[in-house]
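One structure is given here, and the rest of the page talks about it.
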Amino acid sequence: MEQMSRNLAFQLKKIRQQRHLSLDDVAKATGVSKAQLAQIEKGEANPTVSTIWKIAAGMRISFSSLLQPPTAHYMRYSSKDVPHVDEDEGRYRVYSIIPYNPERGWEFYKVEMEPGAISKSEAHTEGVEETVMVIKGQAVISAGDMHELLDEGDTLVFSGHQPHEYRNTSEGLTIFHLILQYK
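With positions in the sequence shown counted from 1, the corresponding number in our numbering is that position plus 260.
And the structure:
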């Protein structure tokens, strides 16, 4: 958690300064208070997944770009080493495995959900496509009128520009990979 907070503090401040934005500007764009943004930039806050999504959406940047350390010419990624955030009292964990890169146009996550865990996501910007592949367990993915039960090995592709929800309805741990594609 400590590394994630440092990465988030560094990335948020760097992006804000690159764009010549004040904390007030970012607060207006994201709906996150100036005080909370200041705490995040100082590394003194552990924001929720929802708060990080609000910042990413309001600043029109990827979620993972806020969690990653500065990149080198190559990067090796391991889910054991990457920062993660959690919600639903720690029952929903998101690991940012491969951060967003504009040349790639996508980012890759590993998600772990304990039995009964639920994560609700606000709509992403128009053109965002989500690909979910269940590695272990099962999950129900809902978006609009769609409610799909995915078992181990199933993959679902859907439009992320609408509110959506992930739910572990199984008795055991569910693990899935998530790709966010930006078009």
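For every residue, glycine included, the Cβ atom is placed at its ideal position computed from N, Cα and C. These numbers were taken from a predicted model, which means no experiment stands behind them.
- Leaving aside the five residues that flank P343 on each side, the residues in its chain whose CB is nearer than 7 Å to its CB run, in chain order, Q263, M264, N267, L327, S356.
- In the DSSP annotation of this structure, K443 is not part of any alpha helix (DSSP H), being labelled neither H nor E.
- Counted as a single uninterrupted DSSP element, the alpha helix (DSSP H) harbouring L272 occupies residues 262–278.
- Note that the C-beta distance between E431 and P359 is not below 8 Å.
- Per the coordinates, the alpha-carbon of K396 lies some 8 Å from the alpha-carbon of D411.
- M393 places its beta carbon 8 Å or farther from that of T434.
- By the C-beta density criterion, H407 is exposed, having fewer than 16 other C-beta atoms within 10 angstroms.
- For E386, the number of other beta carbons within 10 angstroms of its own is below 16, and it is reported as exposed.
- Listed in chain order, the alpha helix (DSSP H) runs fully inside the segment 302–390 are 309–319, counting runs of at least 4 residues.
- For L283, the enclosing alpha helix (DSSP H) covers residues 283–290.
- Inclusion of D348 and S379 in the CB contact set at 8 Å is warranted, their separation being smaller than that value.
- In this structure, the CA atom of T429 is about 9 Å from the CA atom of L409.
- By DSSP's assignment, T415 forms a beta bridge with M393.
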